[in-house]
Amino acid sequence: MIVLVVLFALLFGLAELAAVSNLVALPAYYELLGIGDAVPWALLVAGVLVPPALLAAALLLGRRRPLMHRALLLVTALAAAHALALSIGALVAALQPPLGV
Amino acid sequence: MTDRPGDASDEDELDAEALSWAGDEERGVAPPGARARREQRGADPDGLGEPEADGSAPEADEPPPPSPGRTVATAVFVVVYLLITVGWVMSVQRTASGSTELLVEISWQFGEFLAMASGVLAFGTVFSLTRRSATLVSVGWWLLGALLLVPWPILLLLYGEAR
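Respectively, the protein sequence lines represent chains B and G. Per the working numbering, numbering through the first sequence is continuous, rising by one, with the last residue being 84. Per the working numbering, numbering through the second sequence is continuous, rising by one, with the last residue being 165.
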C-alpha cells in the first residue's frame, strides 16, 4: 500500500509541478505582453489546488478498502486531475485578452 | 394460530428454511429472506461499497439484480460518459504542449492520455464501487464526475469557431 501511495503521490506531483509552473510563469508572461492586469488568478490557484484535493479525496474514499479499489480510485483521481488541468489551461487561454488592444 | 411473543423470529427461521434447499449454504446460495435483510441494511455513507473493518474485501456474494431505475440511469450515463470521452479525444487532437523539451512533452502526452481515459475510468469506478448502493448514490457520483470532466478545451474551440 505504501508503494502505491508513493507512486501516485509522485504522479500527482507531476501534475502539481505543471500547475505551480503556470502560477509562477504566467503572470510574468502576461506582464511582458502588457496585459498584467488580466492574470486569471482564480483559475491559476484552482489549478494548484486540484491535484492535492483529488489525491486527498481518493485516499479518504479508499480508506479500509481492498487494494484494487484504492488503486482504481487513485487512477481515476489522477486522470480527473489531468483532465481538469487541461480544462483550466483552455479556460485561461480563452480568457486571455487580445494582444495590442 | 398462536400470538406468543418471540414467535416472529421463529417464523423468520421457518420462512428461511422453507425458502431454501438442503445444501444451499455449501453452494453459497442465500435464501431470499437473508438477501432481503442484507439489502435492508442499506448503503454505506459514501456509497462506494461496504469496506470490511479489517480492510479485507467485502463479502463476495452476488450483487442484487439491477432495478429498472438503475438500468435506465446506467444507460443514460453510459451515453453521457461516451460523449465526454469523445470530447476529450477531440480536445487532445486539437491541443499541443507548445514545448520542445522532451520531459515536458512526455508529461503532456501522459496527461492527455489520462484525460482521454478519465471518462471511462470515472464511469467504471462508480459502476463497480456502488453496485451494492442505492441508485441515487450511483447517480450522484456519476453526475459529479460528469460535471468535473466536461471537455472544456473542445467546447471552447467549437464556441470560438462558431463566433
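Glycine residues also receive a C-beta, built at the ideal position from the N, C-alpha and C atoms.
Buried versus exposed, by CB contacts within 10 Å (16 or more), residue i
| i | result |
| --- | --- |
| W24(B) | exposed |
| L50(B) | exposed |
| V28(B) | exposed |
| P155(G) | buried |
| P80(B) | exposed |
| G17(B) | exposed |
| F115(G) | exposed |
| A(-2)(B) | buried |
| R134(G) | buried |
| G162(G) | exposed |
| V7(B) | exposed |
| R48(B) | buried |
| S93(G) | buried |
| V(-11)(B) | exposed |
| G113(G) | buried |
| A1(B) | buried |
| G19(B) | exposed |
| L151(G) | buried |
| T102(G) | exposed |
| T73(G) | exposed |
Closer than 7 Å at the beta carbon, the chain B residues around residue i
| i | result |
| --- | --- |
| T1(G) | As shown, chain G starts at 3 and ends at 165. That puts residue 1(G) outside it, with no answer to give. |
| G236(G) | As displayed, chain G neither begins before 3 nor continues past 165, which places residue 236(G) out of reach and without an answer. |
| T76(G) | Going along chain B, no residue has its Cβ under 7 Å from T76(G), so there is no contact; the nearest lies around 17 Å. |
Other residues of its chain near residue i: CB distance less than 8 Å, five sequence neighbours each side excluded
| i | result |
| --- | --- |
| G45(B) | H52, R53, L56 and L57 |
| L78(B) | A21, P23 and L26 |
| V91(G) | M118 |
| V141(G) | A75 and F79 |
| V3(B) | V31 |
Residues that residue i contacts on chain B, provided the C-beta gap is smaller than 9 Å
| i | result |
| --- | --- |
| G71(G) | Neighbours of G71(G) on chain B: none; closest Cβ ~24 Å, over 9 Å. |
| W90(G) | A66 and L69 |
| S109(G) | L(-3), A(-2), L0 and A1 |
| L131(G) | L44, R48, H52, L55 and L56 |
Residue i: contacting residues in chain G (beta-carbon distance under 8 Å)
| i | result |
| --- | --- |
| A62(B) | L116, A117, A119, S120, L123 and A124 |
Close Cβ partners of residue i (< 7 Å) along its chain, the five nearest in sequence each way excluded
| i | result |
| --- | --- |
| L67(B) | V33 |
| L61(B) | F(-9), L(-6) and F(-5) |
| V106(G) | S99 |
| L37(B) | A60, A63 and A64 |
| L69(B) | none |
| N5(B) | L27 and G30 |
Chain B contact residues for residue i, given Cβ-Cβ distances below 8 Å
| i | result |
| --- | --- |
| S93(G) | L69 and A73 |
heavy atom of the ligand PLP below 6 Å from residue i C-beta
| i | result |
| --- | --- |
| A60(B) | Looking for the ligand PLP in the displayed structure turns up nothing, as the structure carries no ligands at all. |
Within chain D, the residues that residue i reaches when beta carbons sit closer than 7 Å
| i | result |
| --- | --- |
| T87(G) | As a matter of chain content, chain D is missing from the structure shown, whose protein chains are B and G. |
Nonlocal neighbours in the same chain, by C-beta distance under 6 Å from residue i, ignoring five residues either side
| i | result |
| --- | --- |
| L145(G) | none |
| Y83(G) | G121 and F125 |
| G72(B) | none |
| G147(G) | A124 |
Worksheet item: Between the region 67 to 78 of chain B and chain G, which residues of the former have a C-beta closer than 9 Å to a C-beta of the latter?
Response: L67, A68, L69, S70, I71, G72, A73, L74, A76 and A77
Discussion item. Closer than 9 Å between beta carbons: that is the criterion. Which residues of the region -10 to 2 of chain B meet it against chain G?
Written reply: L(-6), L(-3), A(-2), L0 and A1
Discussion item. By the 9 Å beta-carbon criterion, what residues does the region 136 to 165 of chain G contribute toward chain B?
Written reply: G147, L150, L151, V152, P153, W154, P155, I156, L157, L158, L159, Y161 and G162
Practice prompt. Go through the region 129 to 165 of chain G residue by residue and report every complete run of the alpha helix (DSSP H) that reaches 4 residues or more, in order.
Written response: 137 to 150 and 154 to 164
Worksheet item: Counting only runs that start and end within the region 19 to 62 of chain B, where is the alpha helix (DSSP H) found for 4 or more residues in a row?
Response: 24 to 44
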